[in-house]
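Numbering (this note's numbering), first residue to last: 911 to 1412. Using N, Cα and C, we set each Cβ at its ideal position, and we do this for glycine too. As the structure is a prediction and not an experimental result, all values here were calculated from the model.
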């Protein structure tokens, strides 16, 4: 018999938003307690309460204690490729197959839970919409699966029956949206609907699925924009304190510097768009053009077919510069097709997968990708995976790539070790710089490599290589008022995040 989970709704009364945030439904003998609550109306402190909720849940997320998101609206299922994907997933399910979503890594029991939940929600929809046709039901199912991928994202990759997940959603008045959030509870999420303007316009039988929490009279107040909260630990606070000693982070002390990690949706750098369009397609090292690397060099490294002697031997800077053919330049476009920023990316998978920073691609409508010795510009709007805290994302283009190897960690990285950085600072395509590892830092609970190879805006998402030509980090941030003090997300987090792509 296939394993699944039985969800019990609202086994205790929720009398405040604070109670909703604090409760964690238990799991015992395949039964899980979940909560589905409609908070009606508004009170004077609602906006502050919501901001504090975001902060509180963000801190819990930073400690890996739960997963949380506040949804201000649900996206429209309008792209042809998305319609085809999720309609196809429904067709497979209707024929007795398993549902696969884009963010599911190790489906297992989750497939059974989604199948059972989808069947229940569709049955309720048909009950209260007796005139619904099969095609209408299919369209609704496709939206449910699409919204699930969009709302839960990477949480689907780490889901288990004991996962604590909380969703707060705003102004949910339509029946299909309401049923979707009920579906979320059937996946183990606690859901709070903030109905401060009016209640959901749905049959009473559906309203009874959720518990009612009265906050006050309905109003017209607008709730604050959701901004995911990142934990600011006491150790990070010490970093900003003038009283710290400036010793190594592993000793629990921080120097008096301010680390600038670009935020999501902040793309507008001072970039010369003429450079983006006309930059010569060659690598720059000491202002001398480099030859195209032999494809076998990267392929052998990637496949692990080089000998142990070859693997351990250092390459020259000229040889490392040739690996720039596996680094790309990414231009970020808005909905008007204007370039609003640039960044870099690293080829990590043959089937078109490119690793970059989340802050590079977030907020863009689509992206154009350039690579060396290829006159074509590849456009895509596929962000396959992203992680805000790690500042990592994977996009995909329609081209076979020659990926770089990710460092395995077999040889310990040390301070003073030589490195090479490759990226496109200020739109200067695939510039190469050299330096050393100058430290190892823990910034906001993320492993960072501090290095001296010069980078600038536009370098974000570029590769930091060891002298064997392996990716040990991805350029992410710099230190304000510091000279050549730069940070890269470590290979450790890259390997975990990008597992399955390389």
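For secondary structure counted as the alpha helix (DSSP H) over 4 or more consecutive residues, the segment 988-1013 holds these complete runs in sequence order: 990-1004.
A residue is called buried once 16 or more other Cβ atoms fall within 10 Å of its Cβ, and residue 1125 is buried on that count. Residue 1290 is a Cβ neighbour of residue 1276, given a cutoff of 8 Å.
Boundaries of the beta strand (DSSP E) around residue 1080: 1075-1080.
Between the segment 1042-1061 and the segment 944-952 there are fewer than three C-beta pairs closer than 8 Å, too few to call the two in contact. For residue 1293, DSSP records a beta bridge to 1305. Note that the segment 1232-1249 does not touch the segment 1351-1360; fewer than 3 beta-carbon pairs, one per stretch, sit closer than 8 Å. Assignment of beta-bridge partners to residue 1278 by DSSP yields 1241, 1289. Under the DSSP assignment, residue 1266 falls in the beta strand (DSSP E) whose first and last residues are 1263-1266. Non-local beta-carbon contacts of residue 1241 in its own chain, meaning distances under 7 Å to residues more than five positions away in sequence, involve 1186, 1249, 1252, 1277, 1278 in chain order. Excluding five sequence positions before and after residue 1326, the CB atoms of its chain that fall closer than 6 Å to its own CB belong to 1346, given in chain order.
For residue 1292, the CB contacts under 7 Å within the same chain, skipping 5 residues up- and downstream, are 1305, 1306 in chain order. The residue from 950, 954, 967, 1232 with its alpha-carbon nearest to that of residue 931 is 967. The C-beta of residue 954 has fewer than 16 other C-beta atoms within 10 Å across all chains shown, which makes the residue exposed.
Under the DSSP assignment, residue 946 falls in the beta strand (DSSP E) whose first and last residues are 946-950. Judged by beta-carbon spacing, residue 1259 lies within the 8 Å limit of residue 1411, meaning their Cβ atoms are closer than that value.
In this structure the segment 993-1002 does not lie against the segment 963-981, because fewer than three pairs of beta carbons, one per stretch, are closer than 8 Å. From the listed residues 1089, 938, 1105, 952, the smallest Cα separation to residue 914 is found for 938. Taking the Cα positions, residue 1122 is about 22 Å away from residue 1074. Between residue 1224 and residue 1378 a beta carbon distance of about 7 Å is seen, short of the 8 Å cut, so the two are scored as contacting.
For residue 1094, the uninterrupted alpha helix (DSSP H) segment begins and ends at 1085-1095. Going by DSSP, residue 1054 is part of no beta strand (DSSP E) but of the alpha helix (DSSP H) stretching over 1044-1062. Note: residue 1328 is bridge-paired with 1346 in the DSSP secondary-structure output. The C-beta distance from residue 927 to residue 1102 rounds to 7 Å, short enough to meet the 8 Å contact threshold. Apart from the 5 residues on each side of it in sequence, residue 1026 sits with its Cβ closer than 6 Å to the Cβ of 914 in its chain, given in chain order. A straight-line Cα-Cα distance of about 45 Å links residue 1002 and residue 1232. Taking C-beta separations shorter than 6 Å and ignoring five residues to either side along the sequence, the partners of residue 1400 in its chain run 1357, 1359, 1383, following chain order. The three-state reading of DSSP puts residue 920 in coil, since its state is none of H, G, I, E or B. Residue 959 carries a helical assignment under DSSP once its states are collapsed to helix, strand and coil.
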